[in-house]
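A quick write-up on the structure given underneath.
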Amino acid sequence: MKKSRMAGGVVLPCNLYPDNNGNPRIWRYRNDKGSIERWHCEVSEAVSRAISKNERGRRTRKRFKKVEKLYPEFWVEDYIRFAVSLNPERKSKRSFQCYCYLLRKFAAQFNNTRVKSMTAKSLEPWWMELSHDQQKQRRSELNRLFQHMIKHGATTHNPFTKDDSKPRLITRATPLKRRLPLTSSQFWVIHDSAKELGYYHVCIAMLLSFCTTMRQGDVIELRFDNNLDGSYLRKQINKSTRQRGAAGAARLEFDLELDERLAETVQWAKEMSFANWDCPYLVSHRPKRRTRRDKSIHPARVRKETLCEHFKQARDATRLWDTHPKSSTPPTFHEIRGLAILELVRKGYSIQEVKNLAAHTDERITRLFIINGGHRHSLN
């Protein structure tokens, strides 16, 4: 139990202190702002004033706590705490940190607006200033935030609901932009550009994707110890694993003796691995400086972001897409997969064979790849 402070036989209330020099007519009081007030009075008057100010400050704090629940800043922090309590691992994820930043930015923009007055009509001017991507990025988490506030009785409106029977904000239409397809000649121009820049890992990744139709995420995870077995290259497809589980996931197998280009690419990857501190990954790159703190990850392993950026630099160095129309974007690494599918069709593979090799769940997806590649074929 906290010991009572005494002065002149009188119990001193909270925040009231005697003078440092022992003067019985001088008293020090710590106010709500944390600063010290000096009073020249008797002990009885000082105690009375301190009790009165303490009570007034307590009422003010209670009133402030009630008022702050009327504004979005309180509910944003309350929702973030609730979301973290449901899944503590989510707190360390970069996507959740981005959502928290956007929610706090939303609360700061409307810090003087009461939650109950936030309707679809009042938020529409702000909402329509955002682009389609910005709206899409914010909508799902703002919807959960308003559902959280409705649950606690803070408001009755949810402008971000997907229920058409209630007033809600409409998301902008998707911009009419289309990634341009990649042709065979453009593929080799980018390949040579990457080689000139010294991005041999980009060349190897491009060839692996072109020969196997694998996605970027699958290519950078290929390992000599796990995926290379003698003259066979095997890989369990990541996207298929997420959709169907490990038991039903698509598994690809390639015989290097039957594919000379793939065999040469794997041999090139081995040579680069020896040069890159014996990296166990087929796609490896020696960085300018070793910055990885996690010792379980090899420093020469290529991250997805690094491969995207280096592919973009090699593509832009060719200057083939300097004058592309505004309604389209230059091809990305993923367009190599579309080019590989088109090459299989040109070689006479059936739609079912191409579907299995591309690890698609439906033939319509395979046909869509071919159509979007700018090549229409009548497939049986």
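The sequence shown lines up with residues 879 to 1258 when you count with this note's numbering. Just so it is clear, CB atoms sit at the ideal spot from N, CA and C, and this is done for glycine as well.
Burial of residue 1248 is indicated by the presence of at least 16 other C-beta atoms within 10 angstroms of its C-beta.
Collapsing the DSSP output to three states places residue 1010 in a helix. Counting other Cβ atoms within 10 Å of its Cβ, residue 1215 reaches 16 or more and is therefore classed as buried.
Inter-residue distance for residue 1019 and residue 1104 is about 39 Å (C-alpha atoms, whole angstroms). For a cut-off of 8 Å, the C-beta gap from residue 1205 to residue 1056 is around 7 Å, short enough to register as a contact. Beta bridge pairing from DSSP links residue 1207 with 1057.
The beta-carbon distance between residue 996 and residue 1037, rounded to whole angstroms, is 7 Å. This is short enough to meet the 8 Å contact definition. As a beta-bridge residue in DSSP terms, residue 1114 pairs with 1129. Each residue's CA atom was taken as its position, placing residue 1191 and residue 1122 some 35 Å apart. Judged by their CB atoms, residue 1083 and residue 1161 are nearer to each other than the 7 Å cut-off. It is roughly 30 Å from the alpha-carbon of residue 1222 to the alpha-carbon of residue 1076.
Rounded to whole angstroms, the gap between the alpha carbons of residue 935 and residue 967 is 39 Å. In this structure residue 931 is not in contact with residue 895, their Cβ atoms being roughly 14 Å apart against a cut-off of 8 Å. Residue 957 and residue 992 do not touch by the CB rule: their CB atoms are close to 17 Å apart, not below 8 Å. In the three-state DSSP reduction, residue 1165 falls in the coil class, being neither helix nor strand. CA-to-CA, the gap between residue 1133 and residue 1187 works out to about 31 Å.
Under a 10 Å Cβ-count criterion, residue 953 is classified as buried, with 16 or more other Cβ atoms of the shown protein chains found around its own Cβ. Judged by beta-carbon spacing, residue 951 lies within the 7 Å limit of residue 985, meaning their Cβ atoms are closer than that value.
According to the DSSP assignment, residue 1134 belongs to no alpha helix (DSSP H), since it is labelled neither H nor E.
Excluding five sequence positions before and after residue 1078, the CB atoms of its chain that fall closer than 7 Å to its own CB belong to 1150, given in chain order. In this structure, residue 1068 sits away from residue 1224, with a CB-CB distance that is not shorter than 7 Å. Between the stretch 1027-1035 and the stretch 975-989 there are fewer than three inter-stretch CB-CB distances shorter than 8 Å, so the stretches are not counted as touching. Inter-segment contact for the stretch 1059-1066 and the stretch 1112-1128 is absent: fewer than three beta-carbon pairs are separated by less than 8 Å. For residue 1091, the number of other beta carbons within 10 angstroms of its own is at least 16, and it is reported as buried.
Per the C-alpha coordinates, the member of 893, 1164, 1110 and 1178 positioned closest to residue 1145 is 1110. Per DSSP, residue 1035 is not a residue of any alpha helix (DSSP H), being assigned neither H nor E.
Cβ contact annotation for residue 1208 (same chain, cutoff 7 Å, sequence separation greater than five): 1058, 1193, 1199 and 1202, in chain order. The continuous stretches of alpha helix (DSSP H) do not include residue 966, and DSSP gives it neither H nor E.
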